[in-house]
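Residue numbers (mature numbering (1 follows the signal peptide of the UniProt record, and there is no 0)): -27 to -1, 1 to 392. C-beta atoms are modelled at their ideal positions from N, C-alpha and C, and glycine is treated no differently.
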Amino acid sequence: MPRTFHICARLISLALAAPLCASPAAAETTAEATVALSYGPRPAYLVDALPDGALKTKLQSCAGQTPERSDFSIAHRGAPLMFPEHTVEGNRAAAAMGAGVMECDVTFTSDLELVCRHSQNDLHTTTDILTTDLADRCTQPFAPATADAPASAECRTSDLTLAELMTLRPKMDSRDPTATSAAAFQGGLAPWRSSLHQNGATLLSHADSIRLFRDLGAKFTPELKAPTVAMPFNGMTQAAYAQKLIDAYVSAEIPASDVWVQSFDLDDIKYWLTQTPEFGRQAVYLDDRFARHDEDEGQIDPMDPATFRPSMQELKDMGLNYIAPPIWMLLTLEDGRMVPSPYAKAARAAGLNIITWTLERSGPLKNGGGWYFQSVAAAVQSDAATYQVLDVLAQDVGVAGVFSDWPATVTYYANCMGL
């Protein structure tokens, strides 16, 4: 992914819950010129947490810089640290934080319309469906907690038409496994997230996201989500699903150079490489081979290149140019220092561009950072590690972009380092 994409912007005090402000320069006509950028307080908070040293000094020196949009900063589902994911409001916030590339996780409804949801079966945790008249349409209706089992439900986008889906109200992703009522099941929010900005939030179809991101001056990274339902579904095959995603950008006259299509399924990647090569050139293989494998994708140990199947060179020879593993696969420790992993070195040696996920997904980092930082947990003991990890990823691993739940953090670093 290109390392920079700068626009003119003014540093203003911005309440991120409000609609984006328009630039006072009435003569400016490009959409991105109307987006006023602001880092907000979080980057300064994280910089202050750093120990004294070269990184802290460098980042402190940029405190007065004017924010500029950067393609190095990728909005992960919008800005879900404080906004419901895949909403108009969350993506407006991400754009205001300078994210140059924005994500729609793409799945489909019963009438085969594409929509932005993290998975096909997350409506019971990301919307109010269980407290609406559509609750009886869920694949698994709400079941209250008992002495023997936690509360449960499963509601899929494929349970509803697009029109029905758009009547739901999004909320922060959460569930309360102890709930004995559907209303109580709506709780369970992690204490380091916030429900402050969920009232009045608006869901997005895939077509909506294309229009919104274009109007915000951002580029696009849609992810084709694995269907929960068996395919073909209502006559739609997996290949037709992959093509339908591409067709939306062609119809909207979005240049292929502005789109990075993603999938965890190597078959989807191969389809785009062969059938839509103009988009396939920037297809992003989301690598979850640490947990999943099939005939084409062997389970791997990121610290042992002998386990990589396909190898990095074989992926490159297929025509792949972008690979995207989680952060922990790219890092290891040597004498207590974070350094590039064998996986990272092999990807770079094969000429693959690396994108990684997901910064600020874990909440406070005082106890090792959880799953996303598992390979370097001993070096992740405070929120300062956010910038320490980001610095190693950028400077030593050489990643081309970083997904973040709060894009301002990455934008500030990218601007300061000239990425």
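Given a cut-off of 8 Å, decide if residue j and residue i are closer than it, judged by their beta-carbon atoms.
i, j, result
"V79", "P228", "no"
"K289", "G324", "yes"
"Q93", "T201", "yes"
"L28", "Q361", "yes"
"K192", "V74", "yes"
"P143", "A174", "yes"
"L306", "A357", "no"
"L141", "T105", "yes"
"S168", "L162", "yes"
"V223", "Q255", "no"
"P315", "P275", "yes"
"D132", "T112", "yes"
"H170", "E268", "no"
"D241", "L197", "yes"
"A221", "I273", "no"
Given residue i, which residues of its chain have a CB within under 6 Å of its CB, disregarding the five upstream and five downstream residues?
i, result
"residue 415", "No answer is possible for residue 415: it lies beyond the span of the chain, which begins at -27 and ends at 392."
"I219", "T249, F252"
"P(-4)", "The predicted model places P(-4) with a pLDDT of 28, which falls under 50 and marks its position as unreliable, so this point remains unresolved."
"T3", "Because T3 carries a pLDDT of 43, less than 50, the predicted location of this residue cannot be relied on, and no value is offered for it."
"A317", "L303, V370"
"L96", "I102, C128"
"Y386", "L363"
"L87", "V79, F81, H179"
Between residue i and residue j, what straight-line distance do the alpha-carbon atoms span, to the nearest angstrom?
i, j, result
"T382", "P16", "5 Å"
"P14", "T134", "40 Å"
"S154", "T130", "22 Å"
"Y18", "A297", "28 Å"
"D121", "R166", "29 Å"
"L239", "E58", "26 Å"
"F206", "Q216", "15 Å"
"T384", "L363", "11 Å"
"A319", "M390", "25 Å"
"F45", "E76", "13 Å"
"D378", "A212", "30 Å"
"F56", "A225", "27 Å"
"A9", "C89", "25 Å"
"M291", "R321", "16 Å"
"H91", "P53", "11 Å"
"W301", "T280", "17 Å"
"E270", "E287", "12 Å"
"A22", "A116", "44 Å"
"M311", "Q347", "12 Å"
"residue 444", "A156", "Residue 444 lies beyond the stretch modelled for the chain, which goes from -27 to 392, so this question has no answer here."
"F237", "F81", "17 Å"
"S34", "R42", "19 Å"
"T368", "H266", "Reading off the sequence, residue 368 comes out as Gln, not Thr. Computed Cα separation, rounded: 31 Å."
"Q159", "T247", "43 Å"
"H49", "G208", "31 Å"
"G51", "Q235", "16 Å"
"R65", "S11", "12 Å"
"V375", "P313", "15 Å"
"A203", "G26", "54 Å"
"P40", "G71", "7 Å"
"Q354", "P24", "12 Å"
"F263", "W330", "14 Å"
"A36", "T30", "10 Å"
"L189", "V20", "28 Å"
Since residue i sits in a beta bridge, which residues does DSSP pair it with?
i, result
"T305", "V312"
"Y244", "BP columns for Y244 are empty, so no partner."
"D277", "D274"
"T134", "In the DSSP output, where bridge partners are listed per residue, T134 has none listed."
"K192", "V74"
"C89", "V79"
"P299", "W330"
"I259", "It should be pointed out that residue 259 corresponds to Leu in this sequence rather than to Ile. DSSP, once it has assigned bridges, lists A297 as partnering L259."
"T60", "L176"
"Q113", "E127"
"I47", "V74, F376"
Might you give, ordered along the chain, the residues of its own chain that have their beta carbon closer than 7 Å to the beta carbon of residue i, omitting 5 neighbours on each side?
i, result
"residue 396", "Summary: the structure shown does not reach residue 396, with the chain confined to residues -27 through 392, and so no result is reported for it."
"Q38", "N388, C389"
"A118", "A124, P150, T151, A152, T153"
"A(-1)", "Confidence in A(-1) is poor, its pLDDT being 28 and thus under 50, which makes the residue's placement unreliable; the coordinate value appears in the next sentence. The answer is none, since no qualifying residue turns up."
"P114", "A108, A126"
"L85", "N207, M209"
Excluding five sequence neighbours on each side, which residues of the same chain lie with their C-beta closer than 8 Å to the C-beta of residue i?
i, result
"E333", "L54, T359, S377, D378, W379, T382"
"L293", "I242, L246, A256, Y258, L325"
Step through the CB atoms of chain C and report whether any lies within less than 8 Å of the CB of residue i.
i, result
"V372", "Chain labels in this structure do not include chain C; a single protein chain is all it has."
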